[in-house]
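Order-wise, the sequence lines are chains G and U. Position 145 of the first sequence, counted from 1, bears residue number 145 in this note's numbering, the numbering being contiguous throughout. To convert a position in the second sequence, counted from 1, into this note's numbering, add 1000. The beta carbon of each residue, even a glycine, is placed where N, CA and C say it ideally should be.
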Amino acid sequence: MLTYALVAGVLFGLYFSLVGMGLNLVFGVMRIVNLAHGDVLMLGAFVALGVVTLAGIDPLFAVPLAFVLFLLVGTLLYWVLVPRLQGSANPEMLSIILFFGLSQVVEAITTIFAGTSERSIQSRLLGTVFSTIKVQLFGGKPQNGPIRILGQGFPAPWVIAAGISLVAIGLVYVYLYRTRLGTLTRAVMSRRDEALASGIDVDRVSAAAFGIGLGLAAVAGVFAPFMFGSITPAFGADATVTSFAIVVLGSLGNPLGTALGGVVYGVCYMLVQTYLSSWADLLPYVLLILILLLRPSGLLGRRVRVA
Amino acid sequence: MPNAIKHVLFILVPLIAVFAVLPGLYQNHLLLFNFVTFLILAQGVNIIYGFTGYLPFGYVGFFGAGAYGFAVLVMHYQSPALVAVLAAGLVGVLLGLLLTPLLRLSGAYFAIANLAASLAVLHLVANPALEGITKGPYGVSLTGTFNPSHAYDAALVVLTLTVGGVVFLKNSSFGLALQAVREDSVSASMAGVNVVKMRIAAWLASALVAGLAGGIYAWYVSVFYPDNVFSGEFSIFAIVFALFGGVATISGPIIGVLILYGVYNLIGFTTPQYFQLIYGLLIMGLVLFLPAGLVSLATRRGWHVP
């Protein structure tokens, strides 16, 4: 039971890291609270749904599609919304309200087109591309059983989602620390004014970060139907708060921090779920408040709070 | 004539008079009650956000806690409704006291922590493990105290107190000190303002107002579920109404509630999705094009708006 909870916690935790990563990037770079983050996740899930129902192929193909789609949407949205917002008196506060409005719009439009019913995708569809390749190269029969780790069986989608999340986190790390745009992004994160003063095109860097943030959220959303069982247009609001708990738990502006925050969150979640299930709903909120009060900079963070 | 008396005479008295007379003229009393509730909540948000700059994104936490304070007192102690309403206010203040450490956080951190706090209270109240106290997720029914017309009068009293409080903030050195803290807390403390005490006072005042409003709401509707009284819509509506009119003024939140909540009811509830769409677009337009509220249209021209 304990081993199961721990391993499942790590698998979920890696996935949760991916869920929080985009939000972290957006807040870290622009000091903008993207309350529509969860709704982008929800839209990502609908991309996966569309790929399965329209094309009938493995939902994994939705990953690059969702990423590219929302990279473009995010960059576009940045230019429409953010420069105007930054010109106002209190952009950080107003961003909360602005993106709340956006999340309402997204939720309403999705409901108009998709209805309020719960949607799910058969979990055996995920990863069929792997088993097909395996069958063609090595022969044998396709198998859809649970994947065994440390003597316990886990649903294959959990393992695949955790694996993709790990890859995505690695790519974000490479982007931030091994590319020029990433270095500029980190410069804007640490001191926006000085970055501007030293001739960095802050708007371009921020637009890229916003696009990547939304893209990552959409990728996380592709796996949401498998991790949470089903998906509705109203899923976004809860997902946003959970993402915040994870981001704050790690630390702002540090992708490795979010990865750690996600894993800690996942393990706590699974442990509470296993031993005290009726209180599991409370966990993200209580954890969020405790961390904000005790160590607002997060587990790995530099100082970000001013009182 | 001092400004405070002018504000009472020309804003507070007409407002209360109109809402005291309307139930005799207009049949939909629930709608009038909702107007009064949102007027109270929007002014409560005005006290904390307008005068101190803290955005209470989980403001509904106090409202819901007040409603459940009322319910627990009526269900378990059979107390009279008025006592229970006062207790609801007390519950709001106690929750506010419990959450004072959140005031150490700034900007978005405070807003998000406050949101999390309200959701934590919701999940605590709705927890099936506490069914013996709060009836958990199954909701409460308080038919014994049901008396909408008295509840409406009580709401008017609370509205009077709240708007009176804002008039005080607008015309006193206390309110001026609060605004100084909002603009630049370091300079304000150099000028001899006790920053922490000021903020806590405003925070508890707005918690009290929401707690009382929640208690009266419970009294009025008498049957409700945790999801009703902790609905995030209360926080959002109160914030958006206050912002739409313009915060840190007396008239701004009132104008905001009357116009926006009026529009809300004109559009109607038949297709909630279209309504949500229009509302979302309205909020976005508001932030992008009119971030300082309707009153900024007048103040930009140099007119003074109370």
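Interface flag, residue i vs chain U, CB-CB below 8 Å
i, result
"residue 84 of chain G", "yes"
"residue 101 of chain G", "yes"
"residue 285 of chain G", "yes"
"residue 19 of chain G", "no"
"residue 201 of chain G", "no"
"residue 109 of chain G", "yes"
"residue 118 of chain G", "no"
"residue 273 of chain G", "no"
"residue 231 of chain G", "no"
"residue 89 of chain G", "yes"
"residue 246 of chain G", "no"
"residue 278 of chain G", "yes"
"residue 42 of chain G", "no"
"residue 39 of chain G", "no"
"residue 23 of chain G", "no"
"residue 93 of chain G", "yes"
Nearest-angstrom Cα separation, counted from residue j out to residue i
i, j, result
"residue 1092 of chain U", "residue 283 of chain G", "23 Å"
"residue 1226 of chain U", "residue 1063 of chain U", "11 Å"
"residue 168 of chain G", "residue 18 of chain G", "7 Å"
"residue 1175 of chain U", "residue 1246 of chain U", "16 Å"
"residue 14 of chain G", "residue 239 of chain G", "15 Å"
"residue 229 of chain G", "residue 112 of chain G", "22 Å"
"residue 1037 of chain U", "residue 1100 of chain U", "24 Å"
"residue 117 of chain G", "residue 89 of chain G", "41 Å"
"residue 16 of chain G", "residue 288 of chain G", "14 Å"
"residue 163 of chain G", "residue 115 of chain G", "32 Å"
"residue 1019 of chain U", "residue 1049 of chain U", "25 Å"
"residue 92 of chain G", "residue 1147 of chain U", "43 Å"
"residue 1110 of chain U", "residue 86 of chain G", "20 Å"
"residue 1289 of chain U", "residue 1304 of chain U", "21 Å"
"residue 1006 of chain U", "residue 1042 of chain U", "22 Å"
"residue 1249 of chain U", "residue 1046 of chain U", "8 Å"
"residue 196 of chain G", "residue 175 of chain G", "21 Å"
"residue 1040 of chain U", "residue 1158 of chain U", "7 Å"
"residue 1189 of chain U", "residue 1195 of chain U", "6 Å"
"residue 305 of chain G", "residue 249 of chain G", "Unreliable placement is indicated for residue 305 of chain G, whose pLDDT of 43 sits below 50; the coordinate value is still reported in the next sentence. For residue 305 of chain G and residue 249 of chain G, the distance between alpha carbons rounds to 14 Å."
Within-8 Å CB hit, residue i to chain G
i, result
"residue 1253 of chain U", "no"
"residue 1181 of chain U", "no"
"residue 1109 of chain U", "yes"
"residue 1120 of chain U", "yes"
"residue 1018 of chain U", "no"
"residue 1243 of chain U", "yes"
"residue 1226 of chain U", "no"
"residue 1115 of chain U", "yes"
"residue 1292 of chain U", "yes"
"residue 1005 of chain U", "no"
"residue 1097 of chain U", "no"
"residue 1094 of chain U", "no"
"residue 1105 of chain U", "yes"
"residue 1295 of chain U", "no"
"residue 1247 of chain U", "no"
Chain-ordered neighbours of residue i on chain A, where CB pairs are closer than 7 Å
i, result
"residue 1057 of chain U", "Among the protein chains of the structure shown, namely G and U, there is no chain A."
Status (buried if at least 16 other CB within 10 Å, exposed otherwise) for residue i
i, result
"residue 1165 of chain U", "buried"
"residue 70 of chain G", "buried"
"residue 34 of chain G", "buried"
"residue 245 of chain G", "buried"
"residue 158 of chain G", "buried"
"residue 1 of chain G", "exposed"
"residue 1276 of chain U", "buried"
"residue 1219 of chain U", "buried"
"residue 179 of chain G", "exposed"
"residue 107 of chain G", "buried"
"residue 1210 of chain U", "buried"
"residue 79 of chain G", "exposed"
"residue 243 of chain G", "buried"
"residue 307 of chain G", "For residue 307 of chain G, the predicted structure reports a pLDDT of 39, less than 50, and the residue's modelled location is therefore unreliable. The matter cannot be settled from this model."
"residue 1055 of chain U", "buried"
For residue i: DSSP bridge partner residues
i, result
"residue 152 of chain G", "G/149"
"residue 231 of chain G", "G/119"
"residue 1305 of chain U", "Answer by DSSP bridge pairing: none, since residue 1305 of chain U is not bridged."
"residue 1141 of chain U", "U/1223"
So if I threshold CB-CB distances at 9 Å, which residues from the segment 1258-1288 of chain U count as touching chain G?
Taking 9 Å as the Cβ-Cβ cut-off against chain G, the residues of the segment 1258-1288 of chain U that qualify are 1271, 1272, 1273, 1274, 1275, 1276, 1277, 1278, 1279, 1280, 1281, 1282, 1283, 1284, 1285, 1286, 1287 and 1288.
Beta carbons nearer than 9 Å to chain G: which residues of the segment 1124-1154 of chain U have them?
1124, 1126, 1127, 1128 and 1129
Any C-beta of chain G within less than 7 Å: which residues of the segment 1034-1051 of chain U qualify?
none
Interfacial residues, the segment 1191-1220 of chain U to chain G, with Cβ spacing under 9 Å
Of all residues in the segment 1191-1220 of chain U, none has a Cβ within less than 9 Å of some Cβ in chain G.
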